[in-house]
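Be aware that the sequence shown starts at 51, since it is given in the working numbering, and climbs by one per residue. Just so you know, even glycine gets a beta-carbon here, dropped at the ideal spot from N, CA and C.
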Amino acid sequence: MTSVASPARSTRRAYLATIGTMLGQGRRLAGPLRAHAEALYAQGFPPDEAVHCLQALPPSIDEST
Numbered sequence: 051m052t053s054v055a056s057p058a059r060s061t062r063r064a065y066l067a068t069i070g071t072m073l074g075q076g077r078r079l080a081g082p083l084r085a086h087a088e089a090l091y092a093q094g095f096p097p098d099e100a101v102h103c104l105q106a107l108p109p110s111i112d113e114s115t
């Protein structure tokens, strides 16, 4: 029997990958940006709106730059 990721987990991963790509971070978000993106996902924000929200955060939130 093979293990298959749940649809919810796959959807969340795809959502985070889309946001990371749109932000120029590649397919993997890390640190505070990922935490904020996961919170926006949980609230039902579409990826394009989530990107606008994340871009509005102060630069100190994004420790990767």
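Using a Cβ-Cβ cutoff of less than 7 Å, which residues in the same chain neighbour residue i once the five nearest sequence positions on both sides are dropped?
i	result
Arg-78	Gly-70
Arg-62	Tyr-91
Find the nearest neighbour of residue i within the set the options, judged by alpha-carbon distance.
i	options	result
Ser-60	Pro-82, Leu-83, Tyr-91 and Gly-76	Tyr-91
Glu-99	Arg-63, Pro-82, Ala-80 and Met-72	Met-72
Leu-107	Leu-83, Gly-74 and Ala-89	Leu-83
Checking 8 Å against the spacing of the C-beta atoms, do residue i and residue j come in under that value?
i	j	result
Leu-66	His-86	no
So, for residue i: in the same chain, excluding its five sequence neighbours on each side, which residues have a beta-carbon less than 8 Å away from its beta-carbon?
i	result
Thr-115	Note that Thr-115 has pLDDT 49, beneath the 50 cutoff, so the model's placement of it is unreliable and no number is given.
Closer than 7 Å: is that where the CB of residue i sits relative to any heavy atom of the ligand PLP?
i	result
Ala-100	Of ligands this structure carries none, so the ligand PLP is not represented either.
Taking the alpha helix (DSSP H) that residue i belongs to, which residues open and close that run?
i	result
Pro-57	57-72
Gln-105	97-105
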